[in-house]
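To start, the structure under review is shown below, and the notes come after it.
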Amino acid sequence: MRLSQAKHAFITGGASGIGLGIADALANRGVAVTLADINEEALAEVLKTRGNRMRGAVLDTRDREGWQRTKAEAEAAFGPVDILVNNAGIAPNGQGFAEMAPESFDRILGINLVGIYNGVHAFAADMKARGRGHVVNTSSQAGLTTTVTGVGAYSVAKFGVTALSEALRTELAPDGVGVTALFPGYVQTNLADNTRRVGGEVRSYAAMPPSAVTSADVGEMVAEAIEADAPYVVTHPGVWRTVEERMAVLKEACDLREGG
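Each residue of the sequence shown is one higher than the one before, starting from -9 at the first, in the numbering used here.
Below, the structure written as structure tokens:
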């Protein structure tokens, strides 16, 4: 959709990292933004410097009643939501399925996948009825390939986001509503702190250099994708190599059936 026609964006995980990068990109294009986040203190700090084009809402994306409450408050302030960015998420826990506690699995899927469905449930029907709008769902490179150990549950959630986004795009396209799946690589954020805030475990990482891609860069990518109604945004180079390897093996399996 044309951002010049968009009035209001609702962004989860909006108080920091990629969510805030997207918020700034949209606000710079004249869109009023509701930043929804579980971290009330971070919201307060952000809003000190963002003027009156942004407002905050404390939200745990697992809370369906909370979604309805924050939606009503947001639309009372800024009008109907034209752009929904389902960005809130937590980090991988570094555990294999054989060792993982059920509550850890449930937490990862509850926030990283079900929380995104909850956002769609809250806003998509209204967008469909109005015949306009755009939904951005944050998946991950782990939603395209499963080449790293210790991120299995995270990949389950992120592959789910990929499938949800592709299906939703097909469902809403006839009604003039766009859907984009976002596949970030490593971007420096406070994802680990937010994961611990909700009681989650964080996978141990080797030391990583600063990312060449910033949250602000991703924000610009997403704004451009909304304008272009792009189905996908990949933030880093080098992703296709691993995707192609996976698809080549899948093609071999398909070709066996094609042969007879």
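Just so it is clear, CB atoms sit at the ideal spot from N, CA and C, and this is done for glycine as well.
Residue i versus residue j - alpha carbon distance
i, j, result
"residue 251", "residue 31", "Since the first residue of the chain shown is -9 and the last is 250, residue 251 is not available in this structure."
"residue 133", "residue 112", "23 Å"
"residue 257", "residue 145", "This structure cannot settle anything about residue 257, because the visible part of the chain is limited to -9 through 250."
"residue 211", "residue 86", "33 Å"
"residue 15", "residue 24", "13 Å"
"residue 67", "residue 235", "48 Å"
"residue 174", "residue 36", "22 Å"
"residue 190", "residue 88", "18 Å"
"residue 205", "residue 246", "43 Å"
"residue 185", "residue 22", "28 Å"
"residue 179", "residue 214", "21 Å"
"residue 181", "residue 192", "9 Å"
"residue 207", "residue 219", "18 Å"
"residue 116", "residue 52", "20 Å"
"residue 237", "residue 203", "26 Å"
"residue 137", "residue 84", "13 Å"
"residue 58", "residue 94", "26 Å"
Per-residue burial, residue i [other beta carbons within 10 Å of its own, 16 or more giving buried]
i, result
"residue 230", "exposed"
"residue 127", "buried"
"residue 241", "exposed"
"residue 130", "buried"
"residue 148", "buried"
"residue 18", "exposed"
"residue 197", "For residue 197, the predicted model reports a pLDDT of 47, less than 50, meaning its position is unreliable; a value from the coordinates is still stated below. By the neighbour-count rule (16 or more Cβ atoms within 10 Å), residue 197 is not buried but exposed."
"residue 3", "buried"
"residue 239", "exposed"
"residue 42", "exposed"
"residue 143", "buried"
"residue 163", "exposed"
"residue 209", "buried"
"residue 168", "buried"
"residue 20", "exposed"
"residue 69", "exposed"
"residue 243", "exposed"
Rounded distance between the beta-carbons of residue j and residue i, thought under 8 Å
i, j, result
"residue 97", "residue 188", "7 Å"
"residue 150", "residue 75", "The pair is not a contact, with the Cβ atoms about 17 Å apart (cut-off 8 Å)."
"residue 47", "residue 60", "4 Å"
"residue 29", "residue -1", "Their Cβ separation, rounded to whole angstroms, is 19 Å, which puts residue 29 and residue -1 out of contact at 8 Å."
"residue 7", "residue 224", "Their Cβ separation, rounded to whole angstroms, is 18 Å, which puts residue 7 and residue 224 out of contact at 8 Å."
"residue 1", "residue 34", "In fact, because the Cβ distance is near 16 Å, the residues do not count as touching under 8 Å."
"residue 217", "residue -7", "6 Å"
"residue 118", "residue 165", "5 Å"
"residue 71", "residue 63", "Actually they are not in contact, since the Cβ atoms of residue 71 and residue 63 sit about 12 Å apart, beyond 8 Å."
C-beta contact flag for residue i and residue j at 8 Å
i, j, result
"residue 82", "residue 141", "yes"
"residue 106", "residue 80", "no"
"residue 158", "residue 125", "yes"
"residue 227", "residue 170", "no"
"residue 135", "residue 232", "yes"
"residue 73", "residue 13", "no"
"residue 40", "residue 108", "no"
Residue i, enclosing alpha helix (DSSP H) - first and last residue
i, result
"residue 107", "105 to 120"
"residue 62", "54 to 68"
"residue 11", "7 to 17"
"residue 232", "229 to 248"
"residue 96", "92 to 99"
"residue 211", "205 to 218"
"residue -4", "No alpha helix (DSSP H) contains residue -4, which DSSP labels as neither H nor E."
Continuous beta strand (DSSP E) stretch holding residue i: start and end
i, result
"residue 144", "Taken as a continuous stretch (DSSP letters only), residue 144 belongs to no beta strand (DSSP E), being part of the alpha helix (DSSP H) at 142 to 162."
"residue 223", "222 to 224"
"residue 173", "167 to 173"
"residue 32", "No beta strand (DSSP E) contains residue 32, which is instead part of the alpha helix (DSSP H) from 30 to 37."
"residue 125", "123 to 128"
"residue 44", "44 to 48"
"residue 254", "Nothing can be reported for residue 254, as the shown portion of the chain is limited to -9 through 250."
"residue 74", "73 to 76"
"residue 23", "22 to 27"
Interface flag, residue i vs chain B, CB-CB below 8 Å
i, result
"residue 125", "Included in the structure is just one protein chain, with no chain B present."
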